[in-house]
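Structure first, commentary second.
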Amino acid sequence: MAEAIDYSVFVARSEDGLAQMSLAVDGIDCAACIAEIEDGVKALPGVVRARLNYSTHRLTVAWREDTSADRVVSQLESLGYRAHPFAGRAEENEARHARWLLRCLGVAGFAAMNIMLLSVSVWSGNVTDITPETRDFFHWVSALIALPAAAYAGQPFFQSAFRAVRSGRLNMDVPITIGVTLALGMSVLETALSQPHAYFDSAIMLLFFLLAGRYLDHEARRRTRATAGNIAALRGEMAHRLGADGVPVLVPVQALQPGDTILVAPGERVAADGVIASGRSSIDESLVTGETLPRALKAGDAVYAGSLNGEGALHLTVTAGGENTLVDDVQRLLDGALAEKGAYVRLADRVARLYAPMVHLTALVAAIGWLLAGADLHHAVMIAVAVLIITCPCALALAVPAVQVTATGRLFRAGLLINAGDMLERLAAVDTVVFDKTGTLTLPEPALALPRGADRGLVGLAGRLALSSRHPLARALASRADGPAIEGVTEVSGQGVEALVDGEVVRLGSLAFCGASLPADLPDGASLIALRRGAETLVMGVQQALRPDALEVVAALKARGLDVRILSGDREAAVAPVAQALGIAHWDAGLKPADKIAVLDRLKADGRRVLMVGDGLNDAPALAAATVSLSPATGAAVTQAHADAVFLGRRLAPVLAAVDGSRVAARLMRQNLAIAVLYNVIAVPLAIAGFVTPLVAALAMSGSSILVTVNALRAARPGRKDEATDAATPAGGDARTLEEAAA
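With the sequence shown counted from 1, adding 40 to any position gets you our numbering.
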């Protein structure tokens, strides 16, 4: 009896109120399946989105109240596909499927070697003195090997084709199945009639090469998915939550809520995002932020779920628990990116949708044409078989997704999380890079400078307000809070935050927002943040350090022919030293969000394709206005980021990796599409003209699939420019002061 699954527990609610679920779909073997599944699921009432990623076989469905998770799964079953929640079981099924493909490949390879030995003898004997009896014996032995081998090794194709036909559709495995079946059937008939030719070798070699290509593609997708999926496993399953009596109680991490206090023992992974309430330790955040060196932490410092605690016990106040941690946000970003489709993917999907019917029509027309031209039935059928085999669009199906998943995996390992399916294609065309300064070119952990005689009460109040702001400057104040975060805080985009405290409006943000004047005793070049409570004002300075590899990355971007600029809302006195230290000639300071958009619009009007790198709520409009955008994960909440990709860690190296990776990926996508098209332009006419045997067709078709797969794997290798940049970039996480960078 099949195990019943309550799919409703896997349904989540998106920000727009839609129910959403991700499913792992079994039985997807070609790009034509994408349109069949998406269109079939969208036919359900209430379904708003259905996006299937060919590389990961993950289907993301969003619907209104009109339908349910069970109806979605039932619809997939009616289309001939099995689905289950995309979780640990999906990985287990993928591993099992990989082992099955490998067994099929081994059987096909063993049979092909033995049949080819017999075929060589027959081929040579047909032009010399082999007797009909010996030739027939060799053919029957070949049949004895080929038929059971094909029945087992061909299962991945036969099962897929059967499901497709049963549900009233065609996929790319249907012509393969027809071609193999016709080749084997004609071979048995020819052997029974003692004819000189049989095609057991063609059928088995076709299966062998197809299985080789399918296994390589499956493993490439599986490795990339495993790399991305491992991040969700960084967080433990259980956590020690402190009760009212201070006694730790073991609870599931899903039960943690903001405000809870948990105990993180030495050597334990942090179970939720939070702020250290008490204790000191060093934290290894390499698997979360990409930072290789442990970070010394104390009370008031922020910690992310998935970080590994060092030598000291910590009491952590949870700020994000359940499925709202940075680790979960990262996973959702990856899922969303893999569900999106770029222009090249959409092109391949549209072609693949019509390809399978065209293959059958072409083979039928070729057979009829040869019959009308006077050929016998055997010759016409063999030409049809050759056409069916050689026109199989596997190379086209693999051309773009193979590059996409390989490049995405490479960028993920470089600390970049793609949030838009067409991001690689847009980024490859970029000619201008625009950086925000605060929290982007500089580190998001600035140091606070106070004027002489600063009121400690106002500083503590500013710290409490800062706990509710995601702006990098506000983080310098968070550790100065003299109490919990103030409730009812409102953030004004590009200006600051405000709240009602003891009947008074309190504001924290820019000088203009708080109505404060510029003090004289703060350091030159410091960014300013002001507090206003009633008639009282306090202006504080924030000094920042450049990201450790900012100088090298900016120089590398310029070496690649990109125009690098700075657009900042900070004062000119704070922006100028950064621009000078980095050698950036074009920069603007004191810009409001609308001003940044105006600059980007002017650049785009001049024909520029702009990459915007910024953080924080105030940069969101500019990020949306750019051709393509990146944001550090330490900026605004990841789930609210408007960027096309998010990068982790203290270094800017992921920005450079994104530029290089996108250029390589776009080039390989175009190459693979060209290979697939050129192959068909040359191969199909030759097959129709009768110059291609089924064996040659099998070799040609399989060779084209393997060629595009191998070419796609080049996207995983760093180029010479990447290696040179890695060598020049410091391995450590030490930040540079502006003076050091300028020197």
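Using N, Cα and C, we set each Cβ at its ideal position, and we do this for glycine too.
All of these numbers come straight from a predicted model, not from anything done at the bench.
Check whether residue i and residue j have beta carbons under 8 Å apart
i	j	result
A705	A469	no
V358	D285	no
F248	A148	yes
H355	L303	yes
I423	A406	yes
L282	I323	no
V427	M226	no
L562	P491	yes
V315	A342	yes
I637	A665	yes
D603	D471	yes
R587	R690	yes
S114	S207	no
L688	G455	yes
L142	L99	no
A238	E230	yes
V65	L92	yes
G120	R203	yes
A566	A489	yes
S37	A716	This structure gives no information on residue 37, because the portion of the chain shown stretches from 41 to 783.
L501	R572	no
L224	L187	yes
V618	T482	yes
Boundaries of the beta strand (DSSP E) in which residue i is found, first to last residue
i	result
R281	M278 to L282
H355	L354 to A360
T23	Given that the chain is displayed from residue 41 to residue 783, the structure contains no residue 23 and the question cannot be resolved.
P196	It is not in any beta strand (DSSP E) - P196 instead sits in the alpha helix (DSSP H) that spans Q195 to R206.
A59	A59 to D66
F687	A685 to F687
T301	T301 to V304
S322	S321 to D324
Q583	E576 to Q583
L670	V668 to P672
V289	P288 to P292
D628	H626 to D628
S567	S567 to R573
L562	Neither: L562 is in no beta strand (DSSP E) and is coded neither H nor E.
R605	D603 to L607
V650	V650 to V653
Limits of the unbroken alpha helix (DSSP H) element including residue i
i	result
M709	A693 to I728
E230	D213 to A232
R642	P633 to A645
H39	Outside the modelled stretch of the chain, which goes from 41 to 783, sits residue 39, for which no answer is possible.
P236	Neither: P236 is in no alpha helix (DSSP H) and is coded neither H nor E.
A614	E612 to L622
A312	Premise fails: A312 is in no alpha helix (DSSP H) and is neither H nor E.
E592	A590 to A599
Sequence-distant residues of its chain with Cβ nearer than 6 Å to residue i (five each side left out)
i	result
A521	G503, R504 and L507
A556	A570, T577 and V579
S318	A339 and H355
V399	P215 and T431
A677	A caution first: A677 carries a pLDDT of 46, below 50, which makes its placement in the model unreliable, though a value can still be read off. Once the five neighbours on either side are set aside, A677 has no close Cβ partner at all.
G730	I423
E76	R209
S669	M652, L663, A683 and D684
P288	H280, L282 and L303
Cβ neighbours of residue i in the same chain (closer than 7 Å, five flanking residues each side left out)
i	result
A525	R504, L507 and S508
I185	A151, N154 and I155
Cβ-based neighbour list, residue i, same chain, cut-off 8 Å, excluding 5 preceding and 5 following
i	result
M181	Note that residue 181 is Val in the sequence shown, not Met. Once the five neighbours on either side are set aside, the close Cβ partners of V181 are L158.
P172	S234
Q) If we count Cβ pairs, one from each stretch, closer than 8 Å, do we get three or more for the stretch 625-633 versus the stretch 598-607? A) yes
**Q.** the stretch 439-447 / the stretch 743-755 touching (three or more Cβ pairs under 8 Å)
**A.** yes
Q: Jot down the residue ranges of each uninterrupted alpha helix (DSSP H) in the stretch 458-503, minimum 4 residues, whole runs only, in chain order.
A: Within the stretch 458-503, the runs of alpha helix (DSSP H) that reach at least 4 residues and sit entirely inside it are, in chain order, 463-468.
Q.
My parser needs the beta strand (DSSP E) runs of 3 or more residues fully inside the stretch 523-560; what are they?
A. 530-532, 536-541 and 544-549
Q) Enumerated in chain order, which unbroken segments of the alpha helix (DSSP H) with a length of 4 residues or greater are wholly contained in the stretch 111-185? A) The DSSP assignment places 128-166 as complete runs of the alpha helix (DSSP H) inside the stretch 111-185, in order along the chain (cut-off: 4 residues).
Q | Three CB pairs or more closer than 8 Å across the stretch 540-560 and the stretch 447-459 | A | no
Q) Would you say the stretch 720-731 touches the stretch 693-711, given that touching needs at least three Cβ pairs under 8 Å? A) No, the stretch 720-731 is not in contact with the stretch 693-711.
Q) Would you call the stretch 182-195 and the stretch 205-224 touching, i.e. three or more CB-CB distances under 8 Å? A) yes
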